[in-house]
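Novice: There's a structure below that I have some questions on.
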């Protein structure tokens, strides 16, 4: 996993300097323990089936394309030393304190993303959030009109993924959200009713899955 041929990472700054995000609030902050310049010691399961221990950025929003890393603590402590990087397709999972991230595979196809598990239980919920990019309008256009031309690219782009025990990952679709989720959670009447009435939306996935898992773990529902 950490052999030759890997380029230096061209990734955003680690979470310590990133803008606050509501997704991060859903995770126990123990993942921040013992960090060095925003990097933490992680257990990486590679696609070769081997386990590696390296220092990676503490980023609960996930990774796409490349995962930066330092091979050891000494490297992580050196200021201005650029980390190495590895293609996320070579990474199966990342464990860092209380943080668990997994490569997203949908119907056998890798999606080149490492997403963070926000909810564990009968149904797992994973999230990958692409960092928002600055909204820049065309030359000479400033103010609110620039937003209307460029769209809402300054907002986080969240992707949600679900998995039942023994089944594969499923991507949550924005356009058919209520219909898809009502089918996926059809055995929970309360969740279905909330979806059909519009009380649960795409941004409410953590609440939705937590509520469903609580329903599934009730004695009468087992």
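Numbering (the working numbering), first residue to last: 2 to 223.
Yeah, the Cβ is synthetic: ideal placement off N, Cα and C, and Gly gets one too.
Since the structure is predicted, the reported quantities are computational estimates derived from the model, not experimental observations.
Use the C-beta contact count for residue 189: other C-beta atoms within 10 angstroms, 16 or more gives buried, fewer gives exposed.
Specialist: On the chain shown, residue 189 is found 188 positions in, with the first residue counted as 1. Label assigned to residue 189: buried.
Novice: Below 8 Å on the Cβ atoms is my contact criterion, and I expect residue 123 with residue 218 to pass it. Report the Cβ-Cβ distance as a whole number of Å.
Specialist: Residue numbering aside, residue 123 sits at position 122 when the chain shown is read from its first letter. Residue numbering aside, residue 218 sits at position 217 when the chain shown is read from its first letter. So it is a contact: roughly 7 Å between Cβ atoms.
Novice: Could you give the DSSP three-state label for residue 84: helix, strand or coil?
Specialist: Here residue 84 is taken as the residue at index 83 of the chain shown, counted from 1. It is coil, neither helix nor strand.
Novice: Specify, as a first and last residue, the run of the alpha helix (DSSP H) that residue 212 falls within.
Specialist: In the chain shown, residue 212 corresponds to position 211, counting from 1. Counting along the chain, the alpha helix (DSSP H) containing residue 212 begins and ends at 206-217.
Novice: Rounded to whole angstroms, how far is the Cβ of residue 40 from the Cβ of residue 56, which I believe are closer than 8 Å?
Specialist: The residue labelled residue 40 in the question sits at position 39 within the chain shown. The residue labelled residue 56 in the question sits at position 55 within the chain shown. About 4 Å; that satisfies the 8 Å criterion.
Novice: So, do the region 90-102 and the region 169-187 have three or more beta carbon pairs nearer to each other than 8 Å?
Specialist: Result no; under three Cβ-Cβ pairs closer than 8 Å.
Novice: Which residue or residues does DSSP assign as beta-bridge partners of residue 47?
Specialist: As a first step, residue 47 is located in the chain shown; it is residue number 46 there, counting from the start. Paired residue(s): 92.
Novice: How would you call residue 102, buried or exposed, if buried means at least 16 neighbouring beta carbons within 10 angstroms?
Specialist: Start at 1 with the first residue of the chain shown, and residue 102 comes out as number 101. The residue is buried, with at least 16 neighbouring Cβ atoms inside 10 Å.
Novice: Taking residue 159 as the reference, which of 114, 198, 187 and 169 has the closest Cα?
Specialist: Counting from one through the chain shown, the residue named residue 159 turns up at place 158. Of the listed residues, the one whose Cα sits closest to residue 159 is 114.
Novice: Among the candidates 52, 42 and 221, whose CA atom is the shortest distance from the CA of residue 58?
Specialist: Numbered from 1 along the chain shown, position 57 holds the residue referred to as residue 58. That would be 42, whose Cα lies nearest to the Cα of residue 58.
Novice: Following the continuous alpha helix (DSSP H) through residue 78, name the residue where it begins and the one where it ends.
Specialist: In the chain shown, residue 78 corresponds to position 77, counting from 1. Element bounds for residue 78: 74-78.
Novice: If you drop the 5 nearest sequence neighbours on each side, which residues of the same chain put their C-beta closer than 8 Å to that of residue 1?
Specialist: Residue 1 lies beyond the residue range present for the chain, which begins at 2 and ends at 223; the question has no answer from this structure.
Novice: Apart from the five residues on each side of it in sequence, which residues of its chain come closer than 7 Å, Cβ to Cβ, to residue 196?
Specialist: In the chain shown, residue 196 corresponds to position 195, counting from 1. Answer for residue 196: 179, 182 and 183, listed in chain order.
Novice: If you draw a straight line from the alpha carbon of residue 104 to that of residue 64, how long is it in whole angstroms?
Specialist: Translated into positions along the chain shown, residue 104 becomes position 103. Translated into positions along the chain shown, residue 64 becomes position 63. Cα to Cα, the separation comes out at about 9 Å.
Novice: Less than 7 Å between the C-beta atoms of residue 111 and residue 88, yes or no?
Specialist: As a first step, residue 111 is located in the chain shown; it is residue number 110 there, counting from the start. As a first step, residue 88 is located in the chain shown; it is residue number 87 there, counting from the start. Contact: no.
Novice: Alpha carbon to alpha carbon, what distance is there between residue 75 and residue 130?
Specialist: Here the question's residue 130 lines up with position 129 in the chain shown. Here the question's residue 75 lines up with position 74 in the chain shown. When rounded, the distance between both Cα atoms is 30 Å.
Novice: Please report how far the alpha carbon of residue 60 lies from the alpha carbon of residue 36, in whole angstroms.
Specialist: Along the chain shown, one-based indexing puts residue 60 at 59. Along the chain shown, one-based indexing puts residue 36 at 35. Cα-Cα distance, rounded: 12 Å.
Novice: With H, G and I counted as helix, E and B as strand and the rest as coil, what does DSSP make of residue 18?
Specialist: The residue given as residue 18 occupies position 17 in the chain shown. Residue confidence is low: residue 18 scores 34 on pLDDT, short of 50, so the model does not pin down where it sits. Its coordinate-derived value is still stated next. In this structure, residue 18 counts as helix in the three-state DSSP scheme.
Novice: Could you have a look at residue 201 and say whether DSSP puts it in helix, strand or coil?
Specialist: The sequence position of residue 201 within the chain shown is 200, counting from 1. If DSSP states are grouped into helix, strand and coil, residue 201 belongs with coil.
Novice: What do you get for residue 86, buried or exposed, if any count of 16 or more other CB atoms within 10 angstroms of its CB means buried?
Specialist: By 1-based counting over the chain shown, the position of residue 86 is 85. By the 10 Å Cβ count, residue 86 comes out buried.
Novice: Note down, in chain order, each residue of its chain lying with its Cβ closer than 8 Å to the Cβ of residue 54, except the 5 sequence neighbours on either side.
Specialist: Looking up residue 54 in the chain shown gives position 53. Hits under 8 Å: 42, 43, 44 and 45.
Novice: Assuming residue 213 contacts residue 193 (C-beta within less than 8 Å), just tell me the rounded distance between them.
Specialist: Here residue 213 refers to the residue found at position 212 of the chain shown. Here residue 193 refers to the residue found at position 192 of the chain shown. No, residue 213 and residue 193 are not in contact; Cβ-Cβ is about 10 Å, not under 8 Å.
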